[in-house]
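A.B. asks: As they're listed, the protein sequences go chains A and B.
Converting from the first sequence to the working numbering requires adding 4 to each position, the first position being numbered 1.
Converting from the second sequence to the working numbering requires adding 4 to each position, the first position being numbered 1.
All C-beta atoms in this analysis are idealised placements derived from N, C-alpha and C, irrespective of residue type, glycine included.
Computed from a prediction, not measured in an experiment: that's the story for all the values here.
Handing you this structure, nothing more for now.
Protein chains: 2
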Amino acid sequence: MLLTSPLLTDLYQLTMLQGYLEQRMEEPAVFEFFVRKLPPERNFLVTAGLEQALDFLENLRFGPEELEWIAGSGLFSKDLVDYLETLRFTGDVHAIPEGTVVFPNEPILRVTAPLPQAQLVETRLINLLHFSTLVASKAARSVLAAPAKLLVDFGLRRAHGAEAGLLAARASYLAGFSGTATVLAGARFGIPVYGTMAHSFVQAHDDEPAAFEHFARSFPGNAVLLIDTYDTEAAARKVVALAPKLAAEGIAIKGVRLDSGDLAAHARKVRRILDQGGLSKTVIFASGNLDEYRLKALMDAGAPIDGFGVGTSLVTSGDAPSLDSVYKLMEYAGRPRRKRSEGKATWPGRKQVYRRYGADGRMREDLMTVEDDAPGGEGLVRPQMAGGRRLAPLRSLSEIRVRALQQYALLPADLRRLEAAPAYPVVISDALRQMAAEVDRMSA
Amino acid sequence: MLLTSPLLTDLYQLTMLQGYLEQRMEEPAVFEFFVRKLPPERNFLVTAGLEQALDFLENLRFGPEELEWIAGSGLFSKDLVDYLETLRFTGDVHAIPEGTVVFPNEPILRVTAPLPQAQLVETRLINLLHFSTLVASKAARSVLAAPAKLLVDFGLRRAHGAEAGLLAARASYLAGFSGTATVLAGARFGIPVYGTMAHSFVQAHDDEPAAFEHFARSFPGNAVLLIDTYDTEAAARKVVALAPKLAAEGIAIKGVRLDSGDLAAHARKVRRILDQGGLSKTVIFASGNLDEYRLKALMDAGAPIDGFGVGTSLVTSGDAPSLDSVYKLMEYAGRPRRKRSEGKATWPGRKQVYRRYGADGRMREDLMTVEDDAPGGEGLVRPQMAGGRRLAPLRSLSEIRVRALQQYALLPADLRRLEAAPAYPVVISDALRQMAAEVDRMSA
């Protein structure tokens, strides 16, 4: 259901591959994917995209069309084309499961494979893990801002392409959203799908009550009417006037949607009109340039709104549309490696993360150490794939979603707020510091 | 090459379709796609994505799998499923060609089709036109900031999914970039593809000169060496030391790449080292969190850099990751329509745009009017598709690119700057104002 061409990669991956093959550099390499630092607007990340990353690795292969392009490009040797023709991903993958709260520098995913394989998959692995983690981390903030409200992803139209729309529906759901408006996400991921009506439906009718009546008759079980096309409160009165006629036929007006203006003020007036008109069970749903900050303001104002559609800001992660995420070589041919570029130095080797909890049960600090350290407790990084095959069937999205919600409850109070908090402590173990010093010494 | 499922839509499109069919509302409808207002960081937009939009319309159809999901969802009638089974897009499309400078409220694309068809395509049309226009408009700023420099899209890894990466490569190229690192964009769109090497290539080798030598031997015609993995200037000296040995074999070191630290300072030092080492023809290429502001600063500083890789900020349009773009009903069954929601009112009817130039040859103002007004000159909105079929073969990307570059030259000087300028005047004609007043009167 996602795009699958192996040419979804940077040219330099193929270039380097040819170099590795010519030098017979096919020893095992270890790469880790992690986020170097949080955007100022985030206090934590929520992992997502592992499922798509494993799919990509399991199905990686070059078909005749792709091989033909590479051969015809004039950039590469016949040896490279021959190598690619039979290439399959045969490596191991370790990762922190989806729906886990994580922090900068923690290894979200680790690939262990012959160097050419591990190198080639870099671009698409980052592409998949980065975006889903970006959106899950953004979505978590709306979930924290408006707990117990119905939250629906409305973002497909302004997502960056269709794949982004689909992955955003999935990532926001696993991070705690209630569902999505995107039909294909419902069909393929089993996410609950929600929808109301658009302004065009009202405009195409010669009068608003006729539009409401037609819509309710078409969807007697799910009539949510959009009431801001012309005058919101006037439309709410039209809904009240229409209700008895529909009720006589057994049709209840399930809800109304507000999409413009001062949502809190409109919601209060509309709630009063509906209640006075005997429609106290009709819910109010709101949308229109919402994000977690507006949700919080509406909650703080006590606006009588039962659910929210969140679109553009969610699927583009509008206030922080990217994460400083990378996939770096940590070990080659049994020796730890480290990049020391200014401001971009990495911790070398295979790493593991242990989470420590305080007396109040909340997360207190993480310990990042070398893989074979065993400080006690269970590491967050777990085996996912061995020899190119998955080790376990995928977890259900609803299971991942429950796990994410449970974790938010364990966050320190200041990390749960929308404002930037002091960084959560990720302690680097002595063993890891020693390994870094050792690597520097050997390559000095 | 893009995702094609007709379920890439919002649930409410199907819901409304069923309503329209039940009411036999199948008269011609006119919808227009436009951007309501510019983000603060933009002075103009560059249209892109029309090609993909027309592809989508031409190939729209529901297959057995999609029909099965709709039938099985329990949300829809058998009549809707039957209708969708034979649905094809049979409408007309008018649009402003790709690579055109446009401004808020101008109709970038117009669909004229039976109401259910015109409604159904809303979500994916916005999704395609919004993103490509977003990226083309962002890319234009780098082109203006660093004229005559080699600009390469490096963004796939942090694009929002693979489709975004591909479309961003295309949109940035048509807006004036030199090429992309994304292989599939080269293979499918014919865009020039560029690439160098990654830090991992250097790190996987036991010493840096060996990595350089191996890379240059693998790619004798295109050796661009990444020199910031450990110490940039030390690496530049290693390149100089290596050059004579390679030169003796006929291999020239084409360039070096800087990816971290103070790029202007490193470039000056590296330029001096290369020149003193006899490598005055070896170019310097820079990357690393670049955007148009950094490009301008490097240009202003006179940094001796010959080309730039621009990644994340380009493909996510980082400072403005979405446009306030919409697709609105303008006419139904021969009658103009208008939405009057607070802050979201639209100009009704089928519209046309005429561009006026000043005595200096630069753009002076646009006139937006009703389609059948004829104030003289050629309208920007042109027929693209009739009865569901394209009217002309697609223009080549390089042709569109030339057209975009020509237009930047005609922009008023203050719109060419990166800083926000006073809005370019888009004058609403009397005829259009009268039509709006008429619509309001009839629906009052």
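Determine the direct distance from the alpha carbon of Q123 of chain B to that of K300 of chain A, and round the result to whole angstroms.
C.D. replies: As a first step, residue 300 of chain A is located in the first sequence; it is residue number 296 there, counting from the start. As a first step, residue 123 of chain B is located in the second sequence; it is residue number 119 there, counting from the start. Going by the C-alpha atoms only, they are around 33 Å apart.
A.B. asks: Would A117 of chain B and P10 of chain B qualify as a contact pair, given that the criterion is a beta-carbon distance under 8 Å?
C.D. replies: Position 113 of the second sequence, counting from 1, holds the residue named residue 117 of chain B. Position 6 of the second sequence, counting from 1, holds the residue named residue 10 of chain B. Result no, Cβ atoms of A117 of chain B and P10 of chain B do not sit closer than 8 Å.
A.B. asks: Taking the Cβ atom as the reference point for each residue, do D157 of chain B and A185 of chain B lie within a distance shorter than 8 Å?
C.D. replies: Here the question's residue 157 of chain B lines up with position 153 in the second sequence. Here the question's residue 185 of chain B lines up with position 181 in the second sequence. Contact flag set, yes.
A.B. asks: Name the one or two DSSP bridge partners that P387 of chain B has.
C.D. replies: Taking the second sequence and counting its residues from 1, the one referred to as residue 387 of chain B is at position 383. Per DSSP, B:H98.
A.B. asks: Buried or exposed, going by whether 16 or more other CB atoms sit within 10 Å of the CB of K142 of chain A?
C.D. replies: Position 138 of the first sequence, counted from the first residue, corresponds to residue 142 of chain A. So K142 of chain A counts as buried.
A.B. asks: Use the C-beta contact count for P397 of chain B: other C-beta atoms within 10 angstroms, 16 or more gives buried, fewer gives exposed.
C.D. replies: As a first step, residue 397 of chain B must be located in the second sequence, where it is residue number 393. Under this definition P397 of chain B is an exposed residue.
A.B. asks: Are any of the Cβ atoms in chain A nearer than 8 Å to that of G347 of chain B?
C.D. replies: Locating residue 347 of chain B in the second sequence gives position 343, where the first residue counts as 1. Closer than 8 Å to some Cβ of chain A, the Cβ of G347 of chain B qualifies, so yes.
A.B. asks: Cβ of Y412 of chain A within 8 Å of Cβ of V147 of chain A?
C.D. replies: Residue numbering aside, residue 412 of chain A sits at position 408 when the first sequence is read from its first letter. Residue numbering aside, residue 147 of chain A sits at position 143 when the first sequence is read from its first letter. In this structure, V147 of chain A lies closer than 8 Å to Y412 of chain A by Cβ.
A.B. asks: Hey, out of B:V314, B:P213 and B:G103, whose CA is closest to Y198 of chain B's CA?
C.D. replies: As a first step, residue 198 of chain B must be located in the second sequence, where it is residue number 194. For Y198 of chain B, the nearest C-alpha among the options comes from B:V314.
A.B. asks: Is DSSP giving S402 of chain A helix, strand or coil here?
C.D. replies: Looking up residue 402 of chain A in the first sequence gives position 398. Helix at S402 of chain A.
A.B. asks: From the beta carbon of G265 of chain B, is the nearest beta carbon of chain A less than 8 Å away?
C.D. replies: Reading the second sequence from its first residue, position 261 is the one you call residue 265 of chain B. Chain A, which has a Cβ nearer than 8 Å to the Cβ of G265 of chain B, makes this yes.
A.B. asks: What does W351 of chain A reach in chain B if we use C-beta pairs closer than 8 Å?
C.D. replies: Within the first sequence, numbered from 1, the residue matching residue 351 of chain A stands at position 347. The premise fails here: W351 of chain A is roughly 13 Å from chain B at the closest Cβ pair, so nothing lies under 8 Å.
A.B. asks: Compute the distance between the beta-carbons of L229 of chain B and V243 of chain B, then report whether it is under 8 Å.
C.D. replies: Numbered from its first residue, the second sequence carries residue 229 of chain B at position 225. Numbered from its first residue, the second sequence carries residue 243 of chain B at position 239. Against a cut-off of 8 Å, the Cβ pair of V243 of chain B and L229 of chain B comes out as a contact.
A.B. asks: Pull up the distance between the alpha-carbon of I130 of chain B and that of D59 of chain B, whole angstroms please.
C.D. replies: Here residue 130 of chain B corresponds to residue number 126 of the second sequence, with the count starting at 1. Here residue 59 of chain B corresponds to residue number 55 of the second sequence, with the count starting at 1. I130 of chain B and D59 of chain B: Cα-Cα distance of roughly 14 Å.
A.B. asks: I'd like the ranges of any beta strand (DSSP E) spanning at least 3 consecutive residues and lying wholly in the segment 285-341 of chain A.
C.D. replies: Qualifying beta strand (DSSP E) stretches, in chain order: 287-290, 311-314 and 329-336.
A.B. asks: At a Cβ threshold of 8 Å, is S326 of chain A touching chain E?
C.D. replies: Here the protein chains are A and B, and chain E is not one of them.
A.B. asks: In the segment 26-43 of chain A, which residues sit with their C-beta less than 9 Å from some C-beta in chain B, listed in chain order?
C.D. replies: The residues in question are E26, Q27, M29, E31, A33 and F35.
A.B. asks: Quick check on this structure: which residue in A:F223, A:N63, A:R339 and A:R298 has the alpha carbon closest to the alpha carbon of E253 of chain A?
C.D. replies: Translated into the one-based positions of the first sequence, residue 253 of chain A becomes position 249. Here the closest residue by C-alpha is A:F223.
A.B. asks: Between M439 of chain B and chain A, is there a C-beta pair that is closer than 8 Å?
C.D. replies: Walking along the second sequence from the start, residue 439 of chain B turns up at place 435. So, not an interface residue.
A.B. asks: Tell me the DSSP secondary structure of D157 of chain A in three-state form.
C.D. replies: Counted from its first residue, the first sequence places residue 157 of chain A at position 153. In the structure shown, D157 of chain A sits in a strand (DSSP, three-state: E or B).
A.B. asks: Would you mind working out which of A:D14, A:E89 and A:T137 sits nearest V39 of chain A, comparing C-alpha positions?
C.D. replies: Your numbering for residue 39 of chain A matches position 35 in the first sequence. With distances taken between Cα atoms, V39 of chain A lies closest to A:T137.
A.B. asks: Which residue's Cα is closest to the Cα of M389 of chain A: A:E26, A:D96 and A:A52?
C.D. replies: Along the first sequence, read from residue 1 onward, the residue named residue 389 of chain A stands at position 385. Nearest of A:E26, A:D96 and A:A52 to M389 of chain A, Cα basis: A:D96.
A.B. asks: Would you call D370 of chain A buried or exposed, if buried means 16 or more other Cβ atoms sit within 10 Å of its Cβ?
C.D. replies: The sequence position of residue 370 of chain A within the first sequence is 366, counting from 1. That one is buried.
A.B. asks: In this structure, does DSSP put D59 of chain B in helix, strand or coil?
C.D. replies: Working through the second sequence from its first residue, we reach residue 59 of chain B at position 55. The answer is helix: DSSP assigns D59 of chain B an H, G or I state.
A.B. asks: Quick one: list the residues of chain B neighbouring F219 of chain A, beta-carbon separation under 7 Å, in chain order.
C.D. replies: Sequence index remark: in the first sequence, residue 219 of chain A carries index 215 (1-based). Correct list: G23.
A.B. asks: Tell me whether V431 of chain B is buried or exposed, calling it buried when 16 or more other Cβ atoms sit within 10 Å of its Cβ.
C.D. replies: As a working note, residue 431 of chain B is residue 427 in the second sequence. Exposed, because fewer than 16 other Cβ atoms sit within 10 Å of the Cβ of V431 of chain B.
A.B. asks: Specify, as a first and last residue, the run of the beta strand (DSSP E) that E36 of chain A falls within.
C.D. replies: For the purposes of this step, residue 36 of chain A is taken as residue 32 along the first sequence, with counting starting at 1. Taken as a continuous stretch (DSSP letters only), the beta strand (DSSP E) holding E36 of chain A covers P32 to V39.
A.B. asks: Note down the Cα distance separating A268 of chain B from M303 of chain B, rounded to an integer number of angstroms.
C.D. replies: The count along the second sequence starts at 1 and reaches residue 268 of chain B at position 264. The count along the second sequence starts at 1 and reaches residue 303 of chain B at position 299. Using only the alpha carbons, I get a separation of about 9 Å.
A.B. asks: Scan the segment 184-247 of chain A and note each continuous beta strand (DSSP E) run of 3 residues or more that stays entirely inside, going in chain order.
C.D. replies: List check, beta strand (DSSP E) in window: 228-230.
A.B. asks: What's the call for R161 of chain A, buried or exposed, on a 16-neighbour Cβ count within 10 Å?
C.D. replies: As a working note, residue 161 of chain A is residue 157 in the first sequence. So R161 of chain A counts as buried.
A.B. asks: If you draw a straight line from the alpha carbon of G259 of chain A to that of A227 of chain A, how long is it in whole angstroms?
C.D. replies: What you label residue 259 of chain A is simply residue 255 of the first sequence in a count that begins at 1. What you label residue 227 of chain A is simply residue 223 of the first sequence in a count that begins at 1. If I take the Cα positions, the gap works out to 7 Å.
A.B. asks: Could you tell me the distance, in whole angstroms, from the CA atom of F66 of chain A to the CA atom of G391 of chain A?
C.D. replies: Position 62 of the first sequence, counted from the start, is the residue given in the question as residue 66 of chain A. Position 387 of the first sequence, counted from the start, is the residue given in the question as residue 391 of chain A. Taking the straight line from one Cα to the other gives about 19 Å.
A.B. asks: With DSSP run on the structure shown, which of helix, strand or coil describes M20 of chain A?
C.D. replies: Taking the first sequence and counting its residues from 1, the one referred to as residue 20 of chain A is at position 16. DSSP places M20 of chain A in helix when its eight states are reduced to three.
A.B. asks: Alpha carbon to alpha carbon, how far is A324 of chain A from K348 of chain A? Give it in angstroms, no decimals.
C.D. replies: Along the first sequence, one-based indexing puts residue 348 of chain A at 344. Along the first sequence, one-based indexing puts residue 324 of chain A at 320. Each residue's Cα considered, the two are about 20 Å apart.
A.B. asks: Below 6 Å CB to CB, which residues in the same chain sit around L414 of chain A once its five sequence neighbours on both sides are set aside?
C.D. replies: The count along the first sequence starts at 1 and reaches residue 414 of chain A at position 410. So the list reads R366 and M367, once near-sequence residues are dropped.
A.B. asks: Determine, for K242 of chain A, whether the minimum Cβ-Cβ distance to residues of chain B falls below 8 Å.
C.D. replies: Taking the first residue of the first sequence as 1, we reach residue 242 of chain A at position 238. By this cut-off, K242 of chain A is not an interface position.
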